[in-house]
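Trainee: Take a look at this one; I'll ask things after.
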Amino acid sequence: MEQRRVRVRFAPSPTGPLHMGGVRTALYNYLFAKKHGGDFLLRIEDTDRSRYVSGAEQYIVDALAWCQMGIDEGASVGGENGPYRQSERKPMYKQYADQLIESGYAYYAFDTPEELNEMRERMKSAGVASPQYNAVTRSGMKNSLTLPAEEVQKRLNANEKHVIRIKMPRNEDVKFEDVIRGWVSVNTNNLDDKVLFKSDGMPTYHLANVVDDYLMNISHVIRGEEWLPSAPLHVLLYQYLGWDTHMPKFAHLPLILRPDGNGKLSKRDGDRLGFPVFPTNWTNPETGEKSSGYRERGYYPEAFNNMLAFLGWNPGTTKELFTMDELIESFSLDRVGRAGAKFDFDKTNWFNQQYLRKQSGEELAPQLKPLLAEVGLVADDSYVANVCELMKERATFVKDILKEGRYFFEAPTSYDEKTIKKKWKESTPEIITELRDLLGSLNSFDPESIGACFKIFLEEKGLGFGAVMPGFRVSVTGLGAGASMNEIAALLGKDEVLKRINIALKTIKK
RNA sequence: GGUCCGUUCGUCUAGGGGUUAGGACUCAUGGUUUUCAUCCAUGCAACAGGGGUUCGAAUCCCCUACGGACUACCA
């Protein structure tokens, strides 16, 4: 078999923000393209003007950029096969619809929406669950198959509203080999005469997608499982248009399911399941409704991608942490599963935690600084880096470092009640005062010296850690738990530690 | 309802005729740690059901059940 350059497309409809299922589809397309040294195109499927949502296209471009998927061809970057918006390709489709009519594979239909409804109602009351415009019903409708030729021509000349429908043949098995599912076969008796060309002059998805994939020389169509039922129609279109030899390979991806109950994760799920379904924040321009995104919640795109990649795919090894390059290297459609995958929010957080911990304090510091600035805190870079290094292993997000370690940047204004209640005994003020004096006499204030000093103090006093440490910790940090006090104290510096102890001694009352 | 697709621990999954059915997340327990977290160890926990085929089926076939997608002049 001849080698065809791998060219794949991600073809979303700009009817709103892209949700994570769409991002995963894009990711698999991207990984597949890059793995095979091919091209990744972004095509905007905006054939339905009425569903157009302003800002949606830009959202899609921005979301892909955040996820670090470089687009080779698309409206935002150009390319030789443009335009990449179907609305701008409008003039290109009509000829193919006409070609299908000429070759007898399609026909004009003049039925009004009311007439279509009547037909459906009639069929329903006759016991047909989902009425179709097909080989048996079309004979009772107003189309170029039932109307006399002159009548059809007259209507056409009068510019009467009409659509173009595919003439679905009777009792033919349409087969194709899906890369993920193997051979899929559907009998045309179960398919209907889908509208290919709408009365507004735009093609429907079915025609547009086939025409564009052909014109853009797409080698593989990797899309969600929701397209599987219409894939036979697309296969037929390739045949009828005479493009058999250029038909792309199809790969229908399993869906991402909601963690609660069942059903696919949808845009409408928004935040109500307790987690974002969108990569980045989105505000509905019509309703003003806001939905949160992974980016703004503090997730790393690398973690998000890694999580998404594993929702339906696995490398066949026990390695779970993959950079984008490693993902590209390892990705294969063969290892994509067939069953839908329920989204696991805990695992998503785990991935983020892993990515956060892989970074050094120096790498983390610039991420924390803006967060500090937001709450009016400032500190120099190396200090912030040290705090990050010390705190990163108890954080899932950078913001956790601030949340759990605010005391690094300002003295506590309150003291953890539970700790005071349980650990601040009557003798504590005296003990802490003595400890303060001992710490104050230290020449070098590094973690080791502080630790050694502490140990000596305990020995001399005949006290256990539990009698001294909690009081020390709560005085300095205001909290009952946290990182090593030796490290914390060393970072804070002697003056600050002594100052905080003095304040605590005055403030804490049982 | 019809068509198509699917079904291994709670979740993501490995495993494709002979395995103590493996890993990860979550959870629990123990160890380490002044505490929390980390880390380490251990544990809980699955082949939807029934028929075949076979010496032998999680694995191949059929049926049933369940789940999902689709069923628009939406994509």
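Each residue of the first sequence is one higher than the one before, starting from 12 at the first, in the numbering used here.
Every residue, glycine too, gets a C-beta built ideally from N, C-alpha and C.
Computed from a predicted model, the values in this text were never measured in an experiment.
Buried or exposed: which applies to Ala137, given that a residue is buried once 16 or more other Cβ atoms fall within 10 Å of its Cβ?
Mentor: exposed
Trainee: Measuring only the C-alpha atoms, how far is Arg417 from Thr291?
Mentor: For Arg417 and Thr291, the distance between alpha carbons rounds to 27 Å.
Trainee: Have a look at Thr444, Tyr251 and Asn128 and flag the residue whose alpha-carbon is nearest the alpha-carbon of Thr148.
Mentor: Selected option, being the one with the closest Cα: Asn128.
Trainee: For Phe286 and Met130, what's the separation of their Cα atoms in angstroms?
Mentor: 44 Å
Trainee: Kindly indicate the opening and closing residues of the beta strand (DSSP E) around Trp194.
Mentor: Gly193 to Asn198
Trainee: Could you spell out where the beta strand (DSSP E) holding Arg18 opens and where it closes?
Mentor: Segment Arg18 to Phe21, the beta strand (DSSP E) holding Arg18.
Trainee: Would the beta-carbon of Pro243 fall within 8 Å of that of Leu207?
Mentor: Result no, Cβ atoms of Pro243 and Leu207 do not sit closer than 8 Å.
Trainee: Quick check on Leu29: does DSSP put it in helix, strand or coil?
Mentor: Correct three-state label for Leu29: coil.
Trainee: For Leu332, which residues of its own chain have a beta-carbon under 7 Å away from its beta-carbon, when the five flanking residues on both sides are left out?
Mentor: Asn317 and Gln365
Trainee: Report all residues from its chain with a CB closer than 8 Å to the CB of Leu379; omit the five preceding and five following residues, and keep chain order.
Mentor: Val395, Val398, Cys399, Val409, Ile412 and Leu413
Trainee: What does the alpha-carbon distance come out to for the pair Leu158 and Pro240?
Mentor: 31 Å
Trainee: Given that a residue counts as buried once 16 or more other Cβ atoms are within 10 Å of its Cβ, and exposed if not, what is Ala169?
Mentor: exposed
Trainee: Using 8 Å as the threshold, is the C-beta distance between Leu276 and His30 below it?
Mentor: yes
Trainee: Extract the residue ranges of the beta strand (DSSP E) inside the segment 360-420, only unbroken runs of 3 or more that lie entirely within it.
Mentor: none
Trainee: Can you look up Asn154 in the DSSP assignment and give me helix, strand or coil?
Mentor: Under the three-state reduction of DSSP, Asn154 is assigned to strand.
Trainee: Can you tell me the Cα-Cα spacing of Glu162 and Lys105, whole angstroms?
Mentor: 22 Å
Trainee: With 16 other CB atoms within 10 Å as the buried threshold, where does Gln97 fall?
Mentor: Buried, because 16 or more other Cβ atoms sit within 10 Å of the Cβ of Gln97.
Trainee: Among residues of its own chain, excluding the 5 on either side of Phe476, which ones have a beta-carbon nearer than 6 Å to its beta-carbon?
Mentor: none
Trainee: Measure the Cβ-Cβ separation of Arg176 and Asn200 and say whether it is below 8 Å.
Mentor: no
Trainee: If you measure between the beta carbons of Phe356 and Pro458, is that distance less than 8 Å?
Mentor: no
Trainee: Using only CA atoms, which one of Pro312, Pro265, Tyr216 and Met496 lies nearest to Met354?
Mentor: Position check: residue 354 holds Phe in this sequence, whereas Met was assumed. If we check each option's Cα against that of Phe354, Pro265 comes out closest.
Trainee: Sorted by chain position, which residues of the same chain lie with C-beta nearer than 6 Å to Lys505's C-beta, five sequence neighbours on each side aside?
Mentor: Phe456
Trainee: Tell me the residue span of the beta strand (DSSP E) that contains Phe261.
Mentor: Lys260 to Leu264
Trainee: Taking DSSP as the reference, what is the three-state secondary structure of Glu84?
Mentor: strand
Trainee: If we call anything under 8 Å between Cβ atoms a contact, is Phe419 one with Leu449?
Mentor: no
Trainee: Going by C-alpha to C-alpha distance, which of Arg100, Ser65, Ile229 and Leu367 sits closest to Thr298?
Mentor: Ser65
Trainee: Check Asp50 in the structure and name its three-state DSSP category.
Mentor: strand
Trainee: Count the other CB atoms within 10 Å of the CB of Asn220; is the residue buried (16 or more) or exposed (fewer)?
Mentor: For Asn220, the number of other beta carbons within 10 angstroms of its own is at least 16, and it is reported as buried.
Trainee: Taking the straight line between their C-alpha atoms, what separation do you get for Lys178 and Gly235?
Mentor: 26 Å
Trainee: According to the neighbour-count rule (16 or more other Cβ atoms, all chains shown, within 10 Å of its Cβ), is Asp204 buried or exposed?
Mentor: buried
Trainee: Look up Arg176 in the DSSP assignment and give the residues it is bridged to.
Mentor: Tyr118 and Val206
Trainee: Determine, using beta-carbon pairs with one atom in the segment 244-262 and one in the segment 184-191, whether at least three such pairs fall under 8 Å.
Mentor: yes
Trainee: Consult DSSP for Arg234 and reduce its assignment to one of helix, strand or coil.
Mentor: strand
Trainee: Pop quiz: Met335 and Arg18 are said to be a contact at Cβ under 8 Å. What is the actual Cβ separation, rounded to whole angstroms?
Mentor: At roughly 20 Å, the Cβ-Cβ gap does not stay under 8 Å, so Met335 and Arg18 are not in contact.
Trainee: Applying the criterion that 16 or more other CB atoms from any shown protein chain within 10 Å of the CB defines a buried residue, is Asp211 buried or exposed?
Mentor: exposed
Trainee: From Met12 to Asp255, what distance separates their C-alpha atoms?
Mentor: In this prediction, Met12 has a pLDDT of 49, which is less than 50 and means its spatial position is unreliable; nothing more can be read from the coordinates.
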